[in-house]
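Novice:
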Ligand SMILES: Nc1ncnc2c1ncn2[C@@H]1O[C@H](COP(=O)(O)OP(=O)(O)OP(=O)(O)O)[C@@H](O)[C@H]1O
Ligand SMILES: Nc1ncnc2c1ncn2[C@@H]1O[C@H](COP(=O)(O)OP(=O)(O)OP(=O)(O)O)[C@@H](O)[C@H]1O
Ligand SMILES: [Mg+2]
Ligand SMILES: [Mg+2]
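Residue numbers (the numbering used here), protein chains in the order written: chain A, 103 to 361; chain B, 103 to 361; chain C, 3 to 255; chain D, 3 to 255; chain E, 16 to 339.
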């Protein structure tokens, strides 16, 4: 049974300058515990798709099912890391991370401990009492990651969460994320523009095409974990996927298996 | 003669939780037409350094000279691409790009043309009349790049300008940036957390260490241009620099030349 | 849209009915609390002799002029005050103090300085609304995210253009709050100012109703003022707000 | 800090001197435009017989109570109105209309509903300040960047916690603007309300000064009201503002 | 049917509370004396209890009466008439007079106005449109063959608040004013104005009403004996005022100071006292003349103008009898 079932989703924005079809007829099944990565050119609709799954945006057509129930509104079962962080400037770093924990019914003490643990993971223990504007770009992104992970949700929706991190921090967070993913058996939808990152993390990589965003290609990644970004396997597959993104293939690459 | 001379800069922030030394005694000479890249872990003071050079932040100690004159305030000779974009939500994409052009004395028609040209370069012609909130993360970043480039300034300060771009857009913008750089012979200070990006673009790469930010290592990149991110040379140097960042070298890597 | 209008109409009709019921119940004295029918009668009497149109026009002219002047002075001064410490520390002090002063404080001074004419009334209106505009604008500008100003500065925007092209549009949300509240203040001040002398005007009609113990007239004038306030609020401020909210992407979530 | 105080003092002293000079110049009649010395004399007379303290205390008590009630009702109602279309389309209409109504409109109704006592005055104060608070808060909440609400929702924040933990703090900047302006309105309304009956209070003292054409007394009361307003503005609102600006990183640039 | 009735009924068992309103003003001297010398309390004895409200202006007093918040009030004739008419006679009854005289025409220093006739082409201030002075001013100028501006005439009549008249005399923006005491005296005193007409000279017996005592109709019907007792005190107060002019002036000024925080100057007090007369007769004919004048001026519609039932002379008659 699929954890998430995206069925024929289309999304039209009626902006100031006419309409834009951000997504067109996107269908996807994501099973429980899967780590799905979505890549695609800038502006192709990745964030939009994530927002629809989160329940933040209504699709123009189609439906999203989570556990076979129609997604109508956002909820703590589907935690989101936003592309712009969306941290609360009126709360300290610690309180930002604790924010979601009250809603899932944690006692105050547990909340503090859980938040401290995840802040430690993103190496921000030292900054726990600072306010958001006192953090660097990368630090903010890490707070956002900690906030979403701390809830330990069944579904984790991450929108380019690692885009502002240096290689070292990236590596350590990649590892942490995979550990958590395995430990709590969460289902992850992860958006990135970095193909290698996608391959390092994902069970499956979906390539979206631009305007309107459609599923252009799909890759199952069967490289054994832990994977390293500089591995030859990763590099080779990355080239293949990049070619798919560039559409250099003559034929439509429906399902290319790698192994 | 140096275009920019950074002399003994230190910066202390007095945040809500005590003081943080973001930079400590950083000195650098950047000569006219140089493409300098700064890398370093998240929160090490890269943005702070850029802001000080831009004149947006007062250093606690030390001075910055631009053309041998002390930098006291920001100005259009030092254009900045901000890490968070800093686009104006009340203006359309086109007007955002035109914003800086009036200050440098361009006539209305020239402004429109120049803005259109740079918007074309970042592939956003289609969205020129949209407002900022209607753009995706990567599209916003491209507007910010176009806005800074359109001024064709003598010094260009770029804070992780490419962090939200997919590989294809990245490649094309990298090329464009280098062309502009050569054409108008501008001096660029470019912050990134991506070591390969640094190597592809820079004449010289500075590695900052974290808290307090100091110059940890310096690399002259002598790989002939155009460089490609997947080149072996780039990969090899990247590993070397990454090691420097991780501080795996026993000795202090003062000036490692590559060639 | 349709649904919202249905709601509005039902609401208004409901209110009128409730009012009529209370009036008929005799719970409150009829002279002090006339029913809607009496008020409508009074209103139509004022309409048929045309007096209400003159009063409304006269008052509208005054309030628009006074309010316009308050905006013209208040917005620039408010922005300046947010950016210049010395202004905030001197003039700002006065402005904070003036906020609490009722319009009647200005009446004697208005007469003394301007004599028996519309300028005196205008002065009262300007004093009544300018302060709130200044306060709202000052605070609004102070709350602008610094990143906008920083970005503008790196593009060489200083002095006047910084004010007109960055601070003004960036603080538009707060300026609108101030402008809205200032509009209310302007009306209230006008009502006081029009008591200075016979000045036609709604304020005078209101006062006459009060002096002659004619509550129907008082309520009729109240309704007219409310109608004008509402129209301005929805037609002018509402339109501006919707436009900027759309641009800024401040849709409801 | 030091320098700002020097500025303030110089400014105030300068103003007083200018005032004294104008008063001495005989440009305006002395009775109608008394100099600072006369006003200080009047003030000290009122101080020495203690009447001014009683008046100030009585008025302060009333205004604090009324203003507190206006805040307590206005802030939640304002937030709700921004989030519930049907409220905005019904109550919102009334609120926009009420904004322009002067306080004297409320006097007869206050009498009718509450009688000749402090409650009637309180009612006038609440009606005078609540509306501006509601307007500012409603607009403030509407201007909250949607991203905060979206983020909160994905963390399962709905209903009450959404209001208290997200909408309230996120609209704090606008709420403060509304609270500040509401404070001014409350005082102005109080001055009207205290005319209902001889109720001690500063409004009455002011009115007496006006009725008796005793401008020294009018100005003395004006100065006291300004002093109270200024103190509240700087001590209360200033402190809150500084704190939230520091947290949000809205330093001046 | 009104809540005021029920409160009265509840009080019938025990002491009846009489709520009395008056202004801190020389023309309300009988009230000031009566409260300060506790004449009302004495007269009520253990039948009733007095509660006083000091208000600043007619509309507030009459609104409070309409709202059932007060039972009796000292008030000027014009608010009383307006309220009577607007409530279609259901709100109040005039019981007695309290003060006569105390109004007139003053001219600014240096303006050649020696009689009402001279007002032609001049700007005259009155305190309020439709109030006693306004109506007098209109009616007496009309008798002299003059017409106000808005009726195509030559006299410009402007409603200006009393204190503002002072300012505008000083600014020379007004030529004359028809005002009540103590403003006549103050304008003489402070602006050097001169009194052109003492309004008493225009009236029969040199008497016209300035302050009346009114009662809420429902209260009168329910507690006639209380009303009588109150009027008894009123009669006593007026008698004392007329018998002890010097002492009365001091007492009234003390009361004014207590209520408003400021006493009148000795000179102003004396001079206004000289132009007033305290009495108990409501001077019905002067009120009827006043109503007629208000009709002529267009403030009252003819269909509303029946004020014959406004007076209830019986309680005063009873009180006067008892006091003898
Ligand atoms: N306004 C501020 N108040 C307090 N501390 C600050 C402030 N701005 C920056 N800092 C601190 O200064 C340090 C350097 O920040 P900076 O933004 O320069 O980092 P960075 O190198 O750009 O990081 P990133 O790659 O994550 O953007 C951080 O530790 C940050 O917490
Ligand atoms: N509110 C909106 N109004 C109008 N158009 C919108 C709106 N939001 C998004 N769009 C459009 O929808 C398309 C997809 O946007 P989306 O943010 O999903 O892209 P993305 O794949 O996340 O890109 P990026 O990698 O740059 O973040 C874009 O063309 C964008 O312009
Ligand atoms: Mg996106
Ligand atoms: Mg940075």
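For each residue, glycine too, the CB sits at the ideal point set by N, CA and C. The structure presented is a predicted model; accordingly, all values stated were derived computationally and were not measured.
Just how far apart, CA to CA, sit residue 317 of chain A and residue 248 of chain D?
Specialist: One C-alpha to the other measures close to 46 Å.
Novice: Give the straight-line distance between the Cα atoms of residue 10 of chain D and residue 228 of chain D, rounded to the nearest whole angstrom.
Specialist: Each residue's alpha carbon lies about 15 Å from the other.
Novice: Taking only the alpha-carbon atoms, compute the straight-line gap between residue 116 of chain C and residue 336 of chain E and give it to the nearest angstrom.
Specialist: Distance between the alpha carbons of residue 116 of chain C and residue 336 of chain E: 57 Å.
Novice: Tell me the DSSP secondary structure of residue 354 of chain A in three-state form.
Specialist: Residue placement at residue 354 of chain A is flagged as unreliable, the pLDDT there being 38, under the threshold of 50; a coordinate-derived value is accordingly withheld.
Novice: Identify which residue in E:86, E:192, E:264 and E:99 has its Cα closest to the Cα of residue 32 of chain C.
Specialist: Comparing Cα positions, the closest option is E:99.
Novice: What separation, rounded to the nearest whole angstrom, lies between the Cα atoms of residue 177 of chain D and residue 135 of chain C?
Specialist: If you take the alpha carbons of residue 177 of chain D and residue 135 of chain C, they lie about 15 Å apart.
Novice: Within the same chain, show all residues whose beta-carbon is closer than 7 Å to that of residue 110 of chain B, passing over the 5 residues directly before and after it, in chain order.
Specialist: Cβ neighbours of residue 110 of chain B beyond the five flanking positions: 127, 129, 163 and 164.
Novice: Give the C-beta separation of residue 240 of chain A and residue 266 of chain A to the nearest angstrom, bearing in mind that I take them to be a contact with Cβ-Cβ under 8 Å.
Specialist: Yes, residue 240 of chain A and residue 266 of chain A are in contact; Cβ-Cβ is about 4 Å, under 8 Å.
Novice: With a threshold of 8 Å between beta-carbons, can residue 353 of chain A be considered close to chain B, or not?
Specialist: Interpretation of residue 353 of chain A is limited by its pLDDT of 37, a score under 50 that renders its predicted location unreliable; the figure taken from the coordinates is listed afterwards. No - not a single Cβ of chain B is within 8 Å of the one on residue 353 of chain A.
Novice: List the residues of chain E that residue 216 of chain D touches, going by C-beta distances under 9 Å, in chain order.
Specialist: The answer, in chain order, is 178 and 277.
Novice: Return the chain-ordered list of same chain residues with a C-beta closer than 6 Å to the C-beta of residue 104 of chain E, the five sequence neighbours on each side being excluded.
Specialist: 324, listed in sequence order.
Novice: At 3 residues or longer, and completely inside the segment 220 to 303 of chain A: list those beta strand (DSSP E) runs for me, N to C.
Specialist: Qualifying beta strand (DSSP E) stretches, in chain order: 257 to 261 and 289 to 293.
Novice: Please go through the same chain and pick out, in chain order, the residues whose beta-carbon is closer than 7 Å to the beta-carbon of residue 125 of chain B, but skip the five residues on each side of it.
Specialist: For residue 125 of chain B, where only same-chain residues beyond five positions count, the Cβ hits under 7 Å are 111, 112, 113, 147, 150, 151, 314 and 315.
Novice: At the 8 Å Cβ level, is residue 155 of chain C part of the contact set with chain E, yes or no?
Specialist: Chain E contact via Cβ: absent.
Novice: Find the nearest neighbour of residue 29 of chain E within the set E:271, E:241, E:283 and E:226, judged by alpha-carbon distance.
Specialist: Among E:271, E:241, E:283 and E:226, the Cα nearest to that of residue 29 of chain E is on E:241.
Novice: What residue range does the alpha helix (DSSP H) around residue 152 of chain E cover?
Specialist: 147 to 158 is the extent of the alpha helix (DSSP H) around residue 152 of chain E.
Novice: Which class does residue 87 of chain E belong to by DSSP, given the choice of helix, strand or coil?
Specialist: The answer is strand: DSSP assigns residue 87 of chain E an E or B state.
Novice: Identify the continuous alpha helix (DSSP H) that holds residue 322 of chain B and give its terminal residues.
Specialist: Taken as a continuous stretch (DSSP letters only), residue 322 of chain B belongs to no alpha helix (DSSP H), being part of the beta strand (DSSP E) at 317 to 322.
Novice: Measuring only between beta-carbons, confirm whether residue 4 of chain D sits less than 8 Å from chain C.
Specialist: Not one chain C Cβ lies under 8 Å of residue 4 of chain D.
Novice: What are the start and end residues of the alpha helix (DSSP H) that includes residue 62 of chain E?
Specialist: Careful: residue 62 of chain E lies outside any alpha helix (DSSP H) and carries neither H nor E.
Novice: In angstroms, rounded to a whole number, what distance separates the CA positions of residue 214 of chain C and residue 192 of chain A?
Specialist: Straight-line Cα distance between these residues: approximately 55 Å.
Novice: Could you tell me if the beta carbon of residue 261 of chain A falls within a distance shorter than 7 Å of some heavy atom in ligand 3?
Specialist: Because some heavy atom of ligand 3 lies under 7 Å away, the Cβ of residue 261 of chain A counts as near it: yes.
Novice: For residue 229 of chain C, list the residues DSSP reports as bridge partners.
Specialist: DSSP output for residue 229 of chain C lists no bridge partner at all.
Novice: For residue 303 of chain A and chain B, any beta-carbon pair shorter than 8 Å?
Specialist: Judged by the 8 Å Cβ criterion, residue 303 of chain A is not in contact with chain B.
Novice: What are the boundary residues of the beta strand (DSSP E) that residue 111 of chain A is part of?
Specialist: First-last of the beta strand (DSSP E) with residue 111 of chain A: 104 to 117.
Novice: Whose C-beta lies closer than 7 Å to the C-beta of residue 178 of chain A among residues of the same chain, with five residues either side of it excluded?
Specialist: So the list reads 202, 205, 206, 253 and 255, once near-sequence residues are dropped.
Novice: Residue 221 of chain C: buried (16+ other C-beta within 10 angstroms of its C-beta) or exposed?
Specialist: The residue in question, residue 221 of chain C, is buried, as its Cβ has 16 or more Cβ neighbours within 10 Å.
Novice: Have a look at residue 142 of chain B and residue 146 of chain C and give me their C-alpha separation to the nearest angstrom.
Specialist: Roughly 31 Å between the two C-alpha positions.
Novice: So for residue 123 of chain E, helix, strand or coil by DSSP?
Specialist: In this structure, residue 123 of chain E counts as coil in the three-state DSSP scheme.
Novice: Any heavy atom of ligand 4 inside 7 Å of the beta-carbon of residue 148 of chain B?
Specialist: Yes, the Cβ of residue 148 of chain B comes within 7 Å of a heavy atom of ligand 4.
Novice: Out of D:242, D:193, D:50 and D:52, which has the shortest C-alpha to C-alpha gap to residue 68 of chain D?
Specialist: Checking every option, the nearest Cα to that of residue 68 of chain D belongs to D:193.
Novice: Mind listing which residues of the segment 213 to 237 of chain B have their C-beta closer than 8 Å to chain A's C-betas, in chain order?
Specialist: Cβ contacts with chain A: 229, 231, 232, 233, 236 and 237.
Novice: If you follow the alpha helix (DSSP H) that residue 344 of chain E is in, where does it begin and where does it stop?
Specialist: No statement about residue 344 of chain E is possible, as the shown extent of chain E runs from 16 to 339 and does not include it.
Novice: Can you give me the Cβ contacts of residue 183 of chain C inside the same chain, cut-off strictly under 6 Å, excluding the 5 residues immediately before and after it?
Specialist: Excluding residues within five positions, the ones whose Cβ falls inside 6 Å are 134.
Novice: Examine chain C for any beta-carbon lying closer than 8 Å to the beta-carbon of residue 77 of chain E, and answer yes or no.
Specialist: Answer yes: the Cβ-Cβ gap between residue 77 of chain E and chain C drops below 8 Å somewhere.
Novice: For a cutoff of 8 Å on Cβ pairs, would you count residue 265 of chain B as touching chain C?
Specialist: So, not an interface residue.
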